[in-house]
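Enquirer: Take this structure, written in structure tokens, and hold onto it; I'll ask about it next.
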Ligand code: ADP
């Protein structure tokens with residue numbers, strides 16, 4: 070009888086194996102089922118949140134955390150009983166974090182930025198933490214939601230960099246317009262003024278020749294600026310095409326030497342060409358115009374910024390391909406400007422360079438051309454001692470060596 074009563078009681082109060090199903094109270098069964106369902110639904114919602122959610126005591130002891138938190142913090146699915154939210158923060162963050170959520174409970178703030186540390190990693194994850202207070206089975210708990218903001222911070226950084234770049238471009242363009250109008254106005258005034266003077270019938274032969282020379286020089290300068298402007302806009306529009314041909318490197322270098330020699334004639338500057346001793350009739354296959362354009366710009370600058378000494382240009386063969394250079398003993402470039410001089414419109418802002426003409430476009434055209442030829446350009450310079458501009462091109466640019474006769478289609 071006693072045994073029978075015991076079994077009967079187990080069934081009624083829902084104890085023992087499969088006791089729920091055996092319970093004799095249908096309302097109780099229904100209640101249990103709906104509670105189970107509610108719990109399942111809660112877990113589904115809780116675990117589908119893409120942020121890290123912790124429900125914890127005011128001292129940080131975790132009551133429950135969602136799957137995203139476990140996943141991000143690289144915890145085993147079975148979270149140890151005694152887990153504290155502070156365990157996932159750097160030690161020097163503990164005080165701040167506790168203050169943050171206690172302030173939130175006091176109603177003064179509910180947002181903060183933390184760095185959380187997954188179990189197996191040293192590197193931290195930047196998160197935005199938000200807090201709220203809740204009642205959990207009669208206990209006062211904190212609901213802390215952590216949102217991974219690494220991507221957002223990356224976008225913000227990118228945006229800031231893009232904004233700075235846009236502002237810098239804007240500043241350079243304004244400076245460029247001011248500079249270019251000066252550069253155009255000076256030769257224009259020269260042309261207009263001296264053309265006007267030429268109309269005087271009383272001018273002597275010598276004066277006429279001198280005025281015509283000034284007009285021609287001003288015209289050349291104007292043409293140079295216009296050409297630079299056209300080049301840079303074509304480069305920017307992606308309209309510059311490569312037209313590779315075969316040509317003798319020595320011939321091209323000697324042409325440049327003869328072309329530029331008159332520009333240093335009568336000055337205390339020597340122009341030298343340096344070629345490898347064994348180059349013979351080395352043939353290059355690349356865009357000749359661009360290569361000459363690069364040297365023309367670099368040599369023009371070297372001549373412009375060198376008052377005394379030597380300008381040496383040429384090339385040598387390096388393992389990776391031909392290495393070209395233009396070296397001068399001129400005014401040099403200050404270290405802090407070296408990185409910027411290849412930028413569009415950039416001119417070194419010092420007293421010496423101000424007295425030299427230029428649009429600040431030459432080196433950006435040079436850089437764009439070198440890159441079009443699949444090469445790299447760099448500069449070494451020491452203020453007051455001189456500069457050396459280097460550029461290297463891929464090895465396949467040299468198609469024949471000294472022993473092979475030069476051939477052209
Ligand atoms: P610009 O037409 O004004 O010369 P570049 O782009 O050719 O423009 O050069 C930019 C600036 O770099 C120059 O204004 C000058 O300050 C500096 N620079 C270029 N080449 C040399 C050089 N060989 N020696 C000293 N400074 C140079």
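Numbering (our numbering), first residue to last: 70 to 478. Glycine is no exception: its CB is placed at the ideal position from the N, C-alpha and C atoms. Bear in mind the structure is a predicted one, so any value in this text is a computation, not a measurement.
Should residue 378 be counted as a contact of ligand 1 given a C-beta to heavy atom distance under 7 angstroms?
Expert: Checking the Cβ of residue 378 against ligand 1 gives no.
Enquirer: Closest by CA to residue 328, which one among 317, 361 and 402?
Expert: Nearest C-alpha to residue 328: 361.
Enquirer: Kindly indicate the opening and closing residues of the alpha helix (DSSP H) around residue 435.
Expert: Per DSSP, residue 435 belongs to the alpha helix (DSSP H) from 431-441.
Enquirer: How is residue 386 classed by DSSP in three states: helix, strand or coil?
Expert: Correct three-state label for residue 386: strand.
Enquirer: Please confirm whether any heavy atom of ligand 1 lies closer than 7 angstroms to the CB of residue 433.
Expert: Because some heavy atom of ligand 1 lies under 7 angstroms away, the Cβ of residue 433 counts as near it: yes.
Enquirer: Can residue 402 be considered in contact with ligand 1, in the sense that its beta carbon sits closer than 7 angstroms to one or more heavy atoms?
Expert: Yes, since a heavy atom of ligand 1 falls inside the 7 angstroms radius drawn around the Cβ of residue 402.
Enquirer: I believe residue 367 touches residue 458 by the beta-carbon criterion, under 8 angstroms. Please report the beta-carbon distance rounded to the nearest angstrom.
Expert: Yes, residue 367 and residue 458 are in contact; Cβ-Cβ is about 5 angstroms, under 8 angstroms.
Enquirer: Starting from the C-beta of residue 133, find all residues in its chain whose C-beta is less than 7 angstroms away, skip the five residues before and the five after it, and write them out in chain order.
Expert: 124, listed in sequence order.
Enquirer: Do residue 346 and residue 466 have their beta-carbon atoms positioned less than 8 angstroms apart in this structure?
Expert: It is not a contact, given that the beta carbons lie outside the stated cut-off.
Enquirer: Hey, residue 295 and residue 433: beta-carbon distance below 8 angstroms or not?
Expert: No, they are not a contact pair.
Enquirer: When you compare each of 407, 374, 263 and 437 to residue 282 by their alpha carbons, which one comes out closest?
Expert: Ranking 407, 374, 263 and 437 by Cα distance to residue 282 puts 263 first.
Enquirer: In its own chain, which residues sit with a C-beta less than 8 angstroms from the C-beta of residue 436, not counting the 5 before and 5 after it?
Expert: Around residue 436: 411 and 446.
Enquirer: Round the Cβ separation of residue 175 and residue 184 to the nearest angstrom and send it over; I've been treating them as touching at under 8 angstroms.
Expert: Their Cβ separation, rounded to whole angstroms, is 24 angstroms, which puts residue 175 and residue 184 out of contact at 8 angstroms.
Enquirer: Taking the beta carbon of residue 319 as the centre, do at least 16 other beta carbons fall within 10 Å, making it buried, or is it exposed?
Expert: Counting Cβ neighbours within 10 Å, residue 319 comes out buried, since at least 16 surround it.
Enquirer: For a test of your reading of the model: does the CB of residue 430 fall under 7 angstroms from any non-hydrogen atom of ligand 3? Yes or no.
Expert: This structure does not include ligand 3; its bound ligands are ligand 1.
Enquirer: Could you name the residues that DSSP lists as bridge partners for residue 162?
Expert: DSSP lists no partner for residue 162.
Enquirer: Leaving out five residues on either side along the sequence, give the residues of the same chain with a beta carbon under 6 angstroms from the beta carbon of residue 463.
Expert: Contacts found: 390 and 443.
Enquirer: Per DSSP, residue 341 forms a beta bridge with which residues?
Expert: 381, per the DSSP bridge assignment.
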